[in-house]
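Chemist: I'd like to ask you about the structure that follows.
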Amino acid sequence: MVGDERISAENIAYSYGDLLAVDHISFGVGAGQVLGFLGPNGAGKTTTLKMLIGLLAPQGGKVTILGRDITREREEIQGQIGVCFEEKSLYEDMSAAANLRFFASLFGIKRPDTAALLDRVGLPGERRDKVANYSKGMKQRLMVARALVNRPKVLFLDEPTDGLDPVSSEAIRDVIMEEKAGGVTVFLTTHDMMEADKLSDHVAFISDGRIAAFDTPENLKHEYGKRVLKIRYHEDGRLREQELPLEEKETGRRIQEILEGGNVLDMHTEEATLEDIFIRLTGKKLG
Amino acid sequence: MNRVFAIVRKDVAQILRNRFVAVISLLFIVIYALMYYLLPSDVDEVFRMGFYLEVSEEAAGELGVEVGEDEIAERLSGAGKGEAGEGLELVWAESVEGLRRSVEEGEVSAGLSFVVSGAEPELVLYVSSDTPEEVAGAGEAVAAEIGYALLGFELPADFRATVIGTDMAGRQIPMKDRLRVVLISFVLLLELFSLGNLLMEEVQKKTAMALLVTPVTLRDFISAKAVTGILNTFFLGFLLALLLGAVSAGTWLAVVVFLLLGAAMMVGVAFIVGASSRDFISMAMISVIPMVVLIIPGFLVIYPGFESPVLRAIPTYWLVAPLNGILNYGMRLSDYTTSLIYIVLFTVGFFALGSFILRRRLA
Chain H
1 MVGDERISAE NIAYSYGDLL AVDHISFGVG AGQVLGFLGP NGAGKTTTLK
51 MLIGLLAPQG GKVTILGRDI TREREEIQGQ IGVCFEEKSL YEDMSAAANL
101 RFFASLFGIK RPDTAALLDR VGLPGERRDK VANYSKGMKQ RLMVARALVN
151 RPKVLFLDEP TDGLDPVSSE AIRDVIMEEK AGGVTVFLTT HDMMEADKLS
201 DHVAFISDGR IAAFDTPENL KHEYGKRVLK IRYHEDGRLR EQELPLEEKE
251 TGRRIQEILE GGNVLDMHTE EATLEDIFIR LTGKKLG
Chain Z
288 MNRVFAIVRK DVAQILRNRF VAVISLLFIV IYALMYYLLP SDVDEVFRMG
338 FYLEVSEEAA GELGVEVGED EIAERLSGAG KGEAGEGLEL VWAESVEGLR
388 RSVEEGEVSA GLSFVVSGAE PELVLYVSSD TPEEVAGAGE AVAAEIGYAL
438 LGFELPADFR ATVIGTDMAG RQIPMKDRLR VVLISFVLLL ELFSLGNLLM
488 EEVQKKTAMA LLVTPVTLRD FISAKAVTGI LNTFFLGFLL ALLLGAVSAG
538 TWLAVVVFLL LGAAMMVGVA FIVGASSRDF ISMAMISVIP MVVLIIPGFL
588 VIYPGFESPV LRAIPTYWLV APLNGILNYG MRLSDYTTSL IYIVLFTVGF
638 FALGSFILRR RLA
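First to last, the protein sequences are chains H and Z.
Counting from 1, one number per residue, gives the positions in the first sequence under the numbering used here.
Counting from 288, one number per residue, gives the positions in the second sequence under the numbering used here.
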């Protein structure tokens, strides 16, 4: 848990009939922190997100956002959060600027600076075009811009870069980092372990509705990972590859032997990824 | 309230921007108006009645009836010129079977067989199953009149000349004026499709969910859709009513009240259709069911003989019947208090069911 929590889930649970989608999980996220919420499809990520943003009432436990109970003060809380869904829920027959103006009006904002918002997500010249003509990446950037229209204190992003081109993904990651730097709390669900590693202060692994691990990426890698040195070299006319654990005493001597052979092609260290750790902890793949 | 108006503004702009829906809606109104003005405004006031007469000399003597052909023709002619100057054209049949055939094939509006072979004359009025009630009523009245003219006294037969409903003899409503009510109800029903589509898209494209994570509540969302739907449906219905000359100093209030309530009822049905649909195709298929059922009471106006107690179970009966009464028979709004109550009850029921389905879909 993190002190001064802006998002707090205490023992929350939700079932669809007999299927327990979220099984009494607890976690917290502080101001200016990014929590990467990682899990495969059907793990309970979206149900958890829906409980956090007030679309589903928890059947057990309690959700507190900005110190307020979401089930009791939903409207007030929703005025201070921004949500970006994975699905492109935009009015496609309207322009980008019209979409932003409409959503701003729901927060009581009369003259939103739509040009600045669109500039931030890399859509500067598109504000008058119909959204129907946008590419997937452009729509996703607009979704992020829409989530920021009310200057939220807490941002919920559901797979914000899933299936996007590298340029769009990078634009969205930049926005997340800027928001974090501005003190905004970010709840990020993703399949992308590299992204989670890069952006998150903490990650939570969710599997079968339960949290399998909750820590910083560094701690998880330290605790569950295996640091190795990977060397490729020629020996007796054949290409060979060896993985040498960094922590073992014999490694230094073996490296020296290979180097003295003079046929080294390349060598680099390799840390365990979050994906490796996830598989090790849950026995499941993320994709 | 500001959030509701913001959604209404957006929805109205979206409807206007959707050229297909806008053009189709206006096209239907123009076509309906043209249909109305192209139909003849006069009615055939001549009542064609088949007649078969068989009176034995013995029975005629007992009843004191003159049975000479000229005498009968003269008396029948007198009956035909009847009261209030209505026209009556008598068509002679050779036999009872021939008379029945003439009725079945629509050569005559009704057929009367008058057979006197004993002390009690047998008088039978034949009307086909699709004969409008008012025509059948008129036939019965004419039959009684003819019997009286022949006998010179009231019929001793067990014939009952009972007129059910409004006796329209001498004041029939032109088909184009009947059609006016039907066309207006068609326009209201078509809007069921338009709003159903709007709702289905909001649910399907998840924009409804995007709205519900802002300070917009489900109640705001439903209220906004209801306001948009009622405004749109009422506007088109009222525009058509104006074009068809259905709005006058005497009818405007009743037309406005019934169109508003009718629009609200259609919006309630559209909620059920829109919330139950997964895409445009399923929406089109689901909307056909209520459209077909709700259109049935319109036939009551075109074919008054169609009336049945079962029709009263169809919500639009309480809309169509009053509009018909007000526009075509000079009835007033106050004559239809019961209809108003029924429409409100049906509308509340549809809204409750539609909101329930919508809530489940969004959850």
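For every residue, glycine included, the Cβ atom is placed at its ideal position computed from N, Cα and C.
Counting only beta-carbon atoms, is H:SER105 nearer than 8 Å to chain Z?
Modeler: Closer than 8 Å: yes.
Chemist: Excluding the five sequence neighbours on either side, which residues of its own chain have a C-beta within less than 8 Å of the C-beta of Z:GLY355, listed in chain order?
Modeler: Reliability fails at Z:GLY355, whose pLDDT of 49 lies under 50, so the model's placement of it is uncertain and no value is given.
Chemist: Does DSSP put Z:THR634 in a helix, a strand or coil?
Modeler: DSSP places Z:THR634 in helix when its eight states are reduced to three.
Chemist: Going by C-alpha to C-alpha distance, which of H:ALA31, H:THR46 and H:ARG253 sits closest to H:HIS209?
Modeler: Sequence check: residue 209 of chain H is Gly here, not His. Checked all of H:ALA31, H:THR46 and H:ARG253; the closest Cα to H:GLY209 is H:THR46.
Chemist: Report the start-end ranges of each beta strand (DSSP E) in the stretch 483-540 of chain Z that is 3 residues or longer and not cut off at the edges.
Modeler: Fully enclosed beta strand (DSSP E) runs of 3 or longer: not present.
Chemist: Which same chain residues, not among the five before or five after Z:PHE401, have their C-beta less than 6 Å away from its C-beta?
Modeler: If we look at Z:PHE401 and ignore the five residues flanking it on each side, its Cβ neighbours are LEU340 and LEU410.
Chemist: Enumerate, from N- to C-terminal direction, the unbroken beta strand (DSSP E) stretches of 3 or more residues contained entirely within the stretch 114-181 of chain H.
Modeler: Qualifying beta strand (DSSP E) stretches, in chain order: 154-158.
Chemist: Let me see if you follow: with CB-CB separation under 8 Å, is H:GLN242 close to chain Z or not?
Modeler: No, H:GLN242 does not count as interfacial toward chain Z.
Chemist: Ordered along the chain, which non-local residues of its own chain (more than five positions away) have a Cβ less than 8 Å from that of Z:ILE316?
Modeler: The residues are VAL474, LEU523, LEU526, LEU527 and LEU530.
Chemist: When the Cα atoms are used, what is the spatial distance from H:GLU248 to H:SER8?
Modeler: Whole-angstrom Cα-Cα distance: 41 Å.
Chemist: Suppose you measure from the CA of Z:GLY537 to the CA of Z:VAL554; what does that come to, to the nearest Å?
Modeler: So the two alpha carbons sit approximately 27 Å from each other.
Chemist: Along chain H, which residues have their Cβ under 7 Å away from the Cβ of Z:LEU499?
Modeler: Neighbours of Z:LEU499 on chain H, chain order: LEU55.
Chemist: Does any C-beta atom of chain Z lie closer than 8 Å to the C-beta of H:ILE12?
Modeler: Judged by the 8 Å Cβ criterion, H:ILE12 is not in contact with chain Z.
Chemist: For H:VAL83, return the contacting residues in chain Z, with the cut-off set at a CB-CB distance below 7 Å.
Modeler: Ordered by position in chain Z, the residues that pass the 7 Å Cβ test against H:VAL83 are VAL500.
Chemist: Thinking C-alpha only, which one of Z:SER510, Z:GLY483 and Z:GLY585 is nearest Z:MET570?
Modeler: When each option's Cα is compared against that of Z:MET570, the closest is Z:GLY483.
Chemist: Just to confirm, are H:LEU38 and H:ALA204 a CB contact at a threshold of 8 Å?
Modeler: Closer than 8 Å, so yes.
Chemist: Let me know if Z:SER343 comes out buried or exposed under the rule of 16 or more other beta-carbons within 10 Å of its beta-carbon.
Modeler: Exposed, by the Cβ-count rule.
Chemist: So with CB distances below 7 Å, who are the chain Z contacts of H:GLU270?
Modeler: Going along chain Z, no residue has its Cβ under 7 Å from H:GLU270, so there is no contact; the nearest lies around 41 Å.
Chemist: List the residues of chain Z whose Cβ lies closer than 8 Å to the Cβ of H:PHE102, in chain order.
Modeler: Correct list: ALA293 and LYS297.
Chemist: Count the other C-beta atoms from every protein chain shown that fall within 10 angstroms of the C-beta of H:ASN11, then say buried if there are 16 or more, exposed otherwise.
Modeler: When all chains shown are included, H:ASN11 counts as exposed.
Chemist: With which residues is H:TYR233 paired in a DSSP beta bridge?
Modeler: Note: H:TYR233 sits in a beta bridge opposite H:ARG240 and H:VAL264.
Chemist: CA-CA distance, H:ILE25 and H:GLN140?
Modeler: Approximately 29 Å, taken between the alpha carbons.
Chemist: How close, in whole Å, do the beta carbons of Z:SER563 and Z:ILE644 come, if the pair is a contact with beta carbons under 8 Å?
Modeler: Contact holds; Cβ gap of about 6 Å.
Chemist: Can you give the Cα-Cα distance for Z:TYR413 and Z:LEU399, rounded to whole angstroms?
Modeler: Their backbone Cα atoms lie some 6 Å apart in a straight line.
Chemist: Does the Cβ of H:LEU19 have 16 or more other Cβ atoms within 10 Å, making it buried, or fewer, making it exposed?
Modeler: By the neighbour-count rule (16 or more Cβ atoms within 10 Å), H:LEU19 is not buried but exposed.
Chemist: Taking Cβ to Cβ, would you say Z:ILE517 is nearer than 8 Å to Z:ALA550?
Modeler: Yes, these two residues count as a Cβ contact at 8 Å.
Chemist: Count the other CB atoms within 10 Å of the CB of Z:LYS368; is the residue buried (16 or more) or exposed (fewer)?
Modeler: The predicted model places Z:LYS368 with a pLDDT of 40, which falls under 50 and marks its position as unreliable, so this point remains unresolved.
Chemist: Quick one, are the C-beta atoms of H:ASP162 and H:GLU275 less than 8 Å apart?
Modeler: Contact flag unset, no.
Chemist: Can you tell me which of the three DSSP states Z:ARG458 falls into?
Modeler: Confidence in Z:ARG458 is poor, its pLDDT being 49 and thus under 50, which makes the residue's placement unreliable; the coordinate value appears in the next sentence. In the structure shown, Z:ARG458 sits in coil (DSSP, three-state: anything other than H, G, I, E or B).
Chemist: Give the secondary structure of Z:GLU392 by DSSP, where H, G and I count as helix, E and B as strand, and everything else as coil.
Modeler: Coil, per DSSP.
Chemist: From the DSSP output, in three-state form, read off Z:SER382 for me.
Modeler: Coil at Z:SER382, not helix or strand.
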